[in-house]
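What follows is a set of notes on a single structure, which appears directly below.
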Amino acid sequence: MTTLVDKVVDQLKTLPYEMQWQVLEFTRALAVAVPRGVPGLQLLQFAGAIPLDELTLMRQAIEEGCERVDANEW
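According to the working numbering, numbering within the sequence shown proceeds without interruption in unit steps and concludes at 514.
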């Protein structure tokens, strides 16, 4: 069975040298750009920190503003 890495390497071998360098640079950039999250257990301490009425206002604002485009905004 061929692994994903094997498939990528096979494709990489078919590319010209300069494009291989681009792939290398891209994969390095991806490795750096991967966001590091926080385990959910560490976030439990914040549960209930925002009052319910404020959460309700936030939810309403999101629902009203979601998927709406303001052409004059920019």
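Cβ coordinates follow ideal geometry from the N, Cα and C atoms, glycine included.
Check	Outcome
Reduced DSSP category for D493 - H, G, I as helix; E, B as strand; rest coil	helix
Pair within 8 Å by beta-carbon distance, L452 and V463	yes
Straight-line Cα distance separating T442 from E458	26 Å
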